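Asker: Numbering (the numbering used here), first residue to last: 25 to 447.
Note that beta-carbon positions come from the ideal geometry of N, C-alpha and C, so glycine has one too.
This one's a predicted model, so the numbers in the text were calculated from it and none came from an experiment.
1) Once you ignore the five residues that flank residue 377 on each side, which residues in its own chain have a CB closer than 6 Å to its CB?
2) Where does residue 141 fall in DSSP's three states?
3) Return the first residue and the last residue of the alpha helix (DSSP H) that residue 224 is part of.
4) How far does the alpha helix (DSSP H) with residue 96 in it reach, from first residue to last?
5) If we ignore side chains and look at the alpha-carbon of each, how far apart do residue 300 and residue 152 end up?
6) Assign residue 411 to buried or exposed, taking buried as 16 or more other Cβ atoms, counted over all protein chains shown, within 10 Å of its Cβ.
7) Just to confirm before moving on: does the CB-CB distance between residue 339 and residue 270 stay below 7 Å?
8) Could you work out which residue in 328, 324, 129 and 311 is closest to residue 292 when comparing CA atoms only?
9) For the segment 104 to 141, list the beta strand (DSSP E) runs that are entirely contained and at least 3 residues long, ordered along the chain.
10) Using DSSP with H/G/I as helix, E/B as strand and the rest coil, what is residue 375?
11) Just mark residue 77 as buried or exposed, buried being the case when its beta carbon has 16 or more other beta carbons within 10 Å.
12) Skipping 5 residues on each side, what residues in its chain have a beta carbon closer than 6 Å to that of residue 406?
13) Using a Cβ-Cβ cut-off of 7 Å (strictly less than) and excluding sequence neighbours within five positions of residue 408, which residues of its own chain qualify?
14) Quick one: using the 10 Å Cβ neighbour count with 16 as the cut-off for buried, is residue 112 buried or exposed?
15) For residue 272, count the other beta carbons within 10 Å of its own beta carbon; 16 or more makes it buried, fewer makes it exposed. Which is it?
16) Can you tell me the Cα-Cα spacing of residue 459 and residue 334, whole angstroms?
17) For the beta strand (DSSP E) holding residue 396, just list the boundary residues, first then last.
18) Figure out for me which residue from 243, 217, 266 and 431 has the closest Cα to the Cα of residue 282.
19) Under the DSSP definition of a beta bridge, which residues are partnered with residue 360?
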């Protein structure tokens, strides 16, 4: 695979001629909305080893069987199919890419229930787990249930494992640290919550639960660990797994409400998977900076791998960027945007995309009238750095926050260079 950085004067068609790749494939693989490019933009190029031309009477299933691949592989190799089975005679399908695989990873995609169904159908062939966000809680241990039935069935249809995400979301739509604290310190309520989670997994075919409680009071550190131990034991009794979300600590004594109650070694022992929330260094109210700078992500991975078995670690990756207005004013909110939208903004305003080598993250500046902006986002280069880190450190996999938006370059690179562990 080649990651080509656009130079001044380049066009989609000049790049196509240089590398011998049809312009149409470059558009699909990189989710380009037009032939307009920006200097500094990353374009992914991969060569095909095997292709197949659809014949009269073929189906995806007959082609997969005849070529010795799975239907999910066909969907991953041909994202223009949109996770659907519609094909026509004369259509060219990619069967196999030429690149050797660099490793294998599990993939978890977090998703809101309002996700566009076309987006999730395109995404599911790449996922090991679909983590549905989220089940909320009441202080008595009863669950606030989202409209998750259709997403569960879609996950199963594509061979992904549904994962129930548990948060402190209340009936008022807000996250409540107080409710979590009351529940953790009430043995009857916490037992009730565990029973309800076990029952829901069995009734709805959830394969795993992800506990995503954040901002737990430090005094509840031991009670939270005890809850995770008991929940893990009960889930394993019925053949399910437990994942626990961990704030991105770089040392055992890191201070702050987000970190102090999170006991990496104890929670790592109690859970089957530990999801490292390695993003949000740059966030809505921060100064302009990378959302997941690789130097900071690596520090979290290094600490986690020293106290939790690597085969349990799932490294978080962001699927979004932020657009800040300049000059930055404390308290003013940046706007979240998709990575594809960020590139389109650079194209529209004629911006030059820069690349921060330390953070391994692209960014650019532009002016909209009298208003200046700075945008940080993810592209093929930042994705390559993160996937390489997860693979080189022999982690269990990656977790994408979140897959509500389509990010072609992430899925293309993951598919071409890594085996996705499923089943």
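Answerer: Inspection of the coordinates gives the following:
1) 62, 64, 65, 370, 386 and 388
2) helix
3) 211 to 228
4) 95 to 101
5) 17 Å
6) buried
7) no
8) 328
9) 116 to 121 and 127 to 136
10) coil
11) exposed
12) 384 and 385
13) 27 and 437
14) exposed
15) buried
16) Residue 459 is absent from the structure shown; the chain starts at 25 and stops at 447.
17) 395 to 400
18) 243
19) 346
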